[in-house]
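Numbering (the UniProt record's numbering), first residue to last: 1 to 452. We put the beta carbon where it would ideally sit given N, CA and C, even for glycine. Predicted, not measured: the structure shown is a model, and the values here were computed from it.
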Amino acid sequence: MNTESSHSHAILMINVRKLTHGKVDNEVSTMESDTKNDLQVDVVVPTLRKSKLLIADLAGSERIDKSGSEGHMLKEAKFINLSLTSLGKCINALAENNPHIPTRDSKLTRLLRDSFGGTARTSLIITIGPSARHHSETASTIMFGQRAMKIVNMLKLMEEFDHKSLCRKLENHVDFLTAKIERQQKLRDDDKEVMEKKIIEYQNSFAGAEKSLSASSELLEKENSLLELEIKYLVDELNDQKYHNDLMRDEVLRMKMSLKQRKQNQHENFTYQNLLADTTQMYEKKIVEMIEQLEDERALSRSAHKQLAVAKQTLIDHQMSIQVQEKCSVEEKQRKYLEDECANLKRLASENDSSVPSELSTPTNLLKHHQARKSISGQRATIAKIFEEVGPQKVVTMLRSEDLEVQIHAPKMVANLAAEDLNQGKIVEEGGIDALLMLLESSQNTKIRGYC
């Protein structure tokens, strides 16, 4: 045994504290009407880091029968052996992974409990002597070191946060976010008012356009009625001219017969030859004048026929333009209805993304979708029917019309007809592509250029 031993344990304990300011990430969840957003908040909080350094010099175990200690030395040896025994129990429990570690059995184990099986970094140095007399103590010390090597410490940084300061900063940040949300809500309300005003303006402009369209339709109807009256007047005049021509023709025939009869009677009535010659010459002049008058009347009749054909063609063009405008007006209303339905669906989708599939699968929305498809099919069928009745040549002729309303609606009608593969060939054969290109080059109207 070491005769110069102090018969005691020596422990040097150094506690170190460091105050730092770091960032702590906190997740702040804010629930709105139908959305949830996770906000990452970087808050600077004071952090206290603690560290402890233990330097322990443990006294070796001592056997009374070998040391021969008595009195006070004996008591010290007992306390040393008791504390070392408690330390050995703790080491054995940690090496065997027992759930209970008896660190409260002695003051030594309570002081060293962070060094073994805790969160510290521990280094253990054991000392042995070469004496054969103390072979058993040497072996026990070596076995103690082997058991201690089986213990695995988990290093962990010991930090403490100032939660009160963190709470105050989070409350300030919450107030800032609340004010920001209120400002954004106010901006959204202002935008909503502006959009409502724009919608009202668009509705008013649409009503004005509808009124102007109805006024133009009434004007066209009046022009149509005037043209019909004019055509009726021209037809009556033409009939009168025909009747007059028939009378003149009968008169010419009668005069020819009379002339022939007079020529026959000339030989019989030689005495009246001079008088008959003068009469014949007079009648010949009248016949020439009547023939010239008849030719003039025939020219007037041909001119009247041409005017009648032009008037009929104008009437047909006006009727076609009225039909096209009515069809386009119906198609425009249906298109705007479908656009409103699409806008409503998009708005509902933006308000609640998760509920859109279920809402679209409801019978009501399926019925609306079916009605929209049915309406589009009806429009195409109506346009195809008009195309069959009017013919591709008339549709292409509308592209060359000088009327602005006809020029606006004709490209749209050709585009709708070209959606069917069957109509594309007919439009190309009738020169529809050339007519569209000429209209695009000659017209400066934005609507006409957009449709082309």
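Beta-bridge partners assigned by DSSP to Ala56: Ile11. The bridge partners DSSP lists for Arg17 are Lys50. Asp191 has its alpha-carbon roughly 11 Å from the corresponding atom of Lys198.
With respect to Leu227, Ala311 sits close: the two C-beta atoms are nearer than 8 Å. By the criterion of at least three beta-carbon pairs nearer than 8 Å, the segment 215-225 is in contact with the segment 315-325. A Cβ-Cβ contact shorter than 8 Å links Ile101 with Ala93. By the C-beta criterion, the segment 255-263 is judged to be in contact with the segment 282-293, since at least 3 inter-stretch pairs fall below 8 Å. Counting along the chain, Thr85 sits inside the alpha helix (DSSP H) bounded by residues His72 to Ala95. Distances from the CA of Met290 to each of Thr397, Gln307 and Met248 were compared; the closest alpha carbon is that of Met248. With respect to the C-alpha of Glu210, the residue from Thr138, Asn81, Leu48 and Glu332 having the closest C-alpha is Glu332.
Contact between Glu76 and Ser8 holds: CB atoms are separated by about 7 Å, below the 8 Å threshold. Under the three-state reduction of DSSP, Leu294 is assigned to helix. Under the DSSP assignment, His244 falls in the alpha helix (DSSP H) whose first and last residues are His163 to Glu268. Cβ-Cβ separation between Thr138 and Gly129: approximately 7 Å, consistent with a contact (criterion under 8 Å).
In this structure, Phe144 sits near Ile91, with a CB-CB distance shorter than 8 Å.
Contact between Leu112 and Leu54 holds: their C-beta atoms lie close to 7 Å from each other, under 8 Å. Annotation for Arg110: the continuous alpha helix (DSSP H) segment containing it runs Lys107 to Leu112.
For Thr103, the CB contacts under 7 Å within the same chain, skipping 5 residues up- and downstream, are Cys90, Thr109, Arg110 and Arg113 in chain order.
When the alpha-carbon of Met149 is set against those of Gly88, Ser205 and Ser131, the nearest one is in Gly88.
The Cβ neighbour count for Glu62, taken over all protein chains shown within 10 Å, is at least 16; the residue is labelled buried.
Per DSSP, His100 lies in no alpha helix (DSSP H) and is assigned neither H nor E.
Gly145 sits in a helix when the DSSP states are folded into three classes. Rounded to whole angstroms, the gap between the alpha carbons of Pro99 and Ile151 is 14 Å.
The C-alpha of Asp240 is placed about 25 Å away from the C-alpha of Ile316. Around the C-beta of Gly208, fewer than 16 other C-beta atoms lie within 10 Å, and the residue is accordingly described as exposed.
Taking 8 Å as the cut-off, the beta carbon of Leu74 is found no closer than this to the beta carbon of Arg121. The alpha carbon of Phe116 has as its nearest neighbour, out of Thr20, Arg147, Lys232 and Lys336, the alpha carbon of Arg147. Here DSSP, grouped into helix, strand and coil, assigns Arg302 to helix. The Cβ-Cβ distance between Leu300 and Val235 does not fall below 8 Å.
Straight across, the Cα-Cα distance linking Cys167 with His173 is about 10 Å. Here Ala304 is near Glu237, since their CB atoms are less than 8 Å apart.
The three-state reading of DSSP puts Met154 in coil, since its state is none of H, G, I, E or B.
Residues Leu227 of the same chain have their beta carbon placed closer than 8 Å to that of Thr314, with the five preceding and five following residues left out of the count.
In the structure shown, the three-state DSSP call for Arg63 is coil. When the five nearest sequence neighbours on each side are left out, the beta carbons in the same chain lying within less than 6 Å of the beta carbon of Ser86 are those of Asp105, Ser106 and Thr109, in order along the chain.
Assignment of Ala132 by DSSP, reduced to helix, strand and coil, places it in the coil class.
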